[in-house]
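Student:
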Amino acid sequence: MRLIEGSHCMTGEEYAVELALREALNNAVVHGNRLDTRKLVHVRCRSKVGQGISLIVSDEGQGFDVRTIPDSVAVENLEKDHGRGIHLMKWAMDQVSFEQGGSEVHMCKAPARNVRAGARSDSRGR
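Shown next, in the form of structure tokens:
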């Protein structure tokens with residue numbers, strides 16, 4: 747996150763990106779790799795000022811079928827203490843997809859539209 751923040755490619759959107767990344771990492775470690783310390787989680791990140799960020803988190807697990815994941819905001823699931831990671835990733839990022847049979851999550855976030863790089867204003871609103 748320090749690298750992402752330092753790149754200034756997501757000014758104003760860092761919290762959303764961090765939330766999605768934390769959820770993807772947690773899912774990769776807990777559900778994908780099943781807490782097996784011999785298995786790795788890989789993170790690939792691409793960012794460019796004015797074009798946003800792309801993240802890929804992959805694990806060494808068996809993957810999953812995203813269609814089998816219960817709706818975390820359905821009434822019967824609201825009081826459960828787990829199952830919101832995918833929902834949070836989709837809420838925080840502009841695009842979320844699962845590839846490689848579910849062992850990779852691809853996430854993209856465009857830069858904030860109301861933040862202009864280098865924009866300044868003085869006391870007269872310029």
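Under the numbering used here, the final residue of the sequence shown carries the number 872; numbering is consecutive throughout.
Built from N, CA and C at the ideal position, the CB exists for glycine as well.
State whether the stretch 829 to 837 contacts the stretch 802 to 819, with contact taken as three or more CB pairs (one from each stretch) at a distance under 8 Å.
Tutor: Cβ pair count under 8 Å is three or more, so yes.
Student: Hey, Val851 and Ala770: beta-carbon distance below 9 Å or not?
Tutor: Their beta carbons are under 9 Å apart, which means Val851 touches Ala770 by this criterion.
Student: In the DSSP output, which residue or residues are listed as bridge partners for Asp805?
Tutor: Answer is Val787, bridged to Asp805.
Student: DSSP on His833, reduced to helix/strand/coil?
Tutor: Here His833 sits in helix by DSSP.
Student: Spatial neighbours of Leu749 within its chain, please: CB distance less than 8 Å, with the 5 preceding and 5 following residues excluded, ordered by chain position.
Tutor: Excluding sequence neighbours, Leu749 sits near Cys791.
Student: Taking all protein chains shown into account, decide if Glu759 is buried (16 or more other Cβ within 10 angstroms of its Cβ) or exposed.
Tutor: Classification of Glu759: buried, given that the 10 Å Cβ count is 16 or more.
Student: What does a CB cutoff of less than 6 Å around His788 pick up in its chain, not counting 5 residues either side in sequence?
Tutor: Hits under 6 Å: Ser804.
Student: With the cut-off set at 9 Å, would you say Ile799 and Val763 are in Cβ contact?
Tutor: Closer than 9 Å, so yes.
Student: Is DSSP giving His852 helix, strand or coil here?
Tutor: DSSP places His852 in strand when its eight states are reduced to three.
Student: Rounding to the nearest angstrom, what Cα-Cα distance links Gly847 and Ile802 in this structure?
Tutor: C-alpha separation (whole angstroms): 14 Å.
Student: Got a sec? Which residues, its chain only, sit under 6 Å from Met747 by beta carbon, not counting five neighbours each side?
Tutor: Cβ neighbours of Met747 beyond the five flanking positions: Glu764.
Student: With DSSP collapsed to three states, give me the class of Ser818.
Tutor: Coil, per DSSP.
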